[in-house]
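Each position in the sequence shown, counted from 1, maps to that position plus 1 in our numbering.
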Amino acid sequence: DSWFIFDSCLVFESVLETWAMALIALAIGAPIAFDASILRLVRLLRLMRMMRMAKLLRAMPELMILIKGMAAATRSVIFTLILLVLVMYVFAIAFTQLTAGTPNGDRFFATVADSMYTLMVYGTLLDGIGSLLDALGQDSLAIASAFVVFVLIAALTLMNMLIGVLCEVVSGVAAVEKEELAVSFVKGKLQNIVMGFDTNGDNLISKSEFEMLMKSKEAVKALTEVGVDAEGLVDLAETIFSENYGNGSDCYDKELSFPDFMEVILELRGGNTATIRDLVNLKKFMSKMSGESTTLTNSRL
């Protein structure tokens, strides 16, 4: 185990610093004045043991969803904060000019930097906003109204927009992660079942093996969990195992590997949206059926 080897190295370093260096110094008659500060720095590598937390996070999918969501929302959050800083900078210049010469102006808006700090703490984080608003109202009603406008833009609009962006991204990541977990679970479950029905041991799924698979209650339950209509899937067996699936063919003895089989199965979920590929395959299939119908009609006439 790599972590066992790592811990053994740390123990060896501690023994070397505590006893081995002292014994060597006594053996050669040198004063024990060895500076072990370099060896102590090695102990900082113990922080690498925190990497074990990754295993714990994998055991808790909800935590991984939150972390991945925060990472995915980083770009949007950064640009939202940049916009907030720009708004604070513009209003800071305005308040510095408007409050010049007033008692509260010298206290809260003496410089642009002081104004930005005041707007961030009182106007954005809303820490004691009532006292500042009352003080500004005593100096000028226009200044107090301008401060209210800033609160509406910064605290109520941009900050809520920031929360909305986080919620949207996290919900999207959560949906994707839950989908991947469900598909991965069903893949593992189906693979074990499919291998049990692989009568010839070629690791391929034939139409006959598929028909036997669809008689298994466990397989039907696993397919239902990912939104596949098991009953409708049986009716599509000839189409799935045609030699040119999606293009039409009279040969229905095609055998699929498990990854190809899962790809076909997942494409047939009821919750999937139609794509251009699906429309093209449908067009080819309808053209083939129309050609066969025309040929059959002409042959009978």
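Ideal Cβ positions, reconstructed from N, Cα and C, are used throughout, including at glycine. Note that the structure is a prediction, hence the values are computed from the model and not measured.
Could you spell out where the alpha helix (DSSP H) holding Leu-214 opens and where it closes? Along the sequence shown, one-based indexing puts residue 214 at 213. Note, Leu-214: alpha helix (DSSP H), 208-214.
Where Ser-258 falls: helix, strand or coil (DSSP): Locating residue 258 in the sequence shown gives position 257, counting from the first residue. In this structure, Ser-258 counts as strand in the three-state DSSP scheme.
Assuming Ala-220 contacts Ile-194 under a Cβ cut-off of 8 Å, what Cβ separation, rounded to an integer in Å, is found between them? Taking the first residue of the sequence shown as position 1, residue 220 is located at position 219. Taking the first residue of the sequence shown as position 1, residue 194 is located at position 193. Right, their Cβ atoms sit about 5 Å apart.
Report yes or no: do the region 154-163 and the region 104-113 share at least 3 C-beta pairs separated by less than 8 Å? no
Does the separation of the CB atoms of Gly-124 and Phe-148 fall below 9 Å? Here residue 124 corresponds to residue number 123 of the sequence shown, with the count starting at 1. Here residue 148 corresponds to residue number 147 of the sequence shown, with the count starting at 1. Contact flag set, yes.
On a CA-only basis, which of Thr-103, Ala-145, Asn-105, Val-152 is nearest Leu-126? Give me that one, please. Taking the sequence shown and counting its residues from 1, the one referred to as residue 126 is at position 125. The shortest Cα separation from Leu-126 among Thr-103, Ala-145, Asn-105, Val-152 belongs to Val-152.
Exposure of Gly-70, with buried meaning 16 or more beta-carbon neighbours within 10 Å: Here residue 70 corresponds to residue number 69 of the sequence shown, with the count starting at 1. Flag for Gly-70 reads buried.
Taking 9 Å as the threshold (C-beta atoms), are Val-187 and Ala-223 in contact? The residue given as residue 223 occupies position 222 in the sequence shown. The residue given as residue 187 occupies position 186 in the sequence shown. For Ala-223 and Val-187, yes; Cβs fall inside 9 Å.
Secondary structure at Val-227, three-state DSSP: helix, strand or coil? Looking up residue 227 in the sequence shown gives position 226. Residue state, collapsed to three classes: coil.
Any idea what DSSP makes of Leu-87, helix, strand or coil? Within the sequence shown, residue 87 is the residue found at index 86, counting from 1. Helix at Leu-87.
Alpha-carbon to alpha-carbon, Met-61 and Leu-11: The residue given as residue 11 occupies position 10 in the sequence shown. The residue given as residue 61 occupies position 60 in the sequence shown. Going from the Cα of Leu-11 to the Cα of Met-61 covers about 30 Å.
I believe Leu-120 touches Phe-92 by the beta-carbon criterion, under 8 Å. Please report the beta-carbon distance rounded to the nearest angstrom. As a first step, residue 120 is located in the sequence shown; it is residue number 119 there, counting from the start. As a first step, residue 92 is located in the sequence shown; it is residue number 91 there, counting from the start. Yes, they are in contact, since the Cβ atoms of Leu-120 and Phe-92 sit about 6 Å apart, within 8 Å.
Once DSSP output is grouped into helix, strand and coil, what is the label at Leu-127? Position 126 of the sequence shown, counted from the first residue, corresponds to residue 127. Reduced to three states, the DSSP call for Leu-127 is coil.
Using the Cα positions of Ala-136 and Ser-116, report the straight-line distance between them to the nearest angstrom. Taking the sequence shown and counting its residues from 1, one reaches residue 136 at position 135. Taking the sequence shown and counting its residues from 1, one reaches residue 116 at position 115. Answer to the nearest angstrom: the Cα atoms are 15 Å apart.
With a 10 Å radius around its C-beta and 16 neighbouring C-beta atoms as the bar for buried, classify Ser-291 as buried or exposed. Here residue 291 is taken as the residue at index 290 of the sequence shown, counted from 1. Result: exposed.
CA-to-CA distance, Thr-103 to Val-171, given in whole angstroms: Residue mapping note: residue 171 aligns to position 170 of the sequence shown, counting from 1. Residue mapping note: residue 103 aligns to position 102 of the sequence shown, counting from 1. Approximately 46 Å between the Cα atoms of the pair.
Regarding Leu-126 and the ligand COA, is the C-beta to nearest heavy atom distance less than 8 Å? Here there are no bound small molecules, and the ligand COA is not part of this structure.
What's the C-alpha gap between Ile-94 and Leu-84? As a first step, residue 94 must be located in the sequence shown, where it is residue number 93. As a first step, residue 84 must be located in the sequence shown, where it is residue number 83. Those two C-alpha atoms are separated by around 16 Å.
Mark Ile-6 as exposed unless 16 or more other C-beta atoms lie within 10 angstroms of its C-beta, in which case mark it buried. As a working mapping, residue 6 is identified with position 5 in the sequence shown. Looking at its Cβ environment, which holds fewer than 16 other Cβ atoms inside 10 Å, Ile-6 is exposed.
For Arg-270: DSSP bridge partner residues: Counting from one through the sequence shown, the residue named residue 270 turns up at place 269. Its beta-bridge partners are Val-229.
Quick one: grab the DSSP three-state call for Leu-205. In the sequence shown, counting from the first residue as 1, residue 205 sits at position 204. In the structure shown, Leu-205 sits in a strand (DSSP, three-state: E or B).
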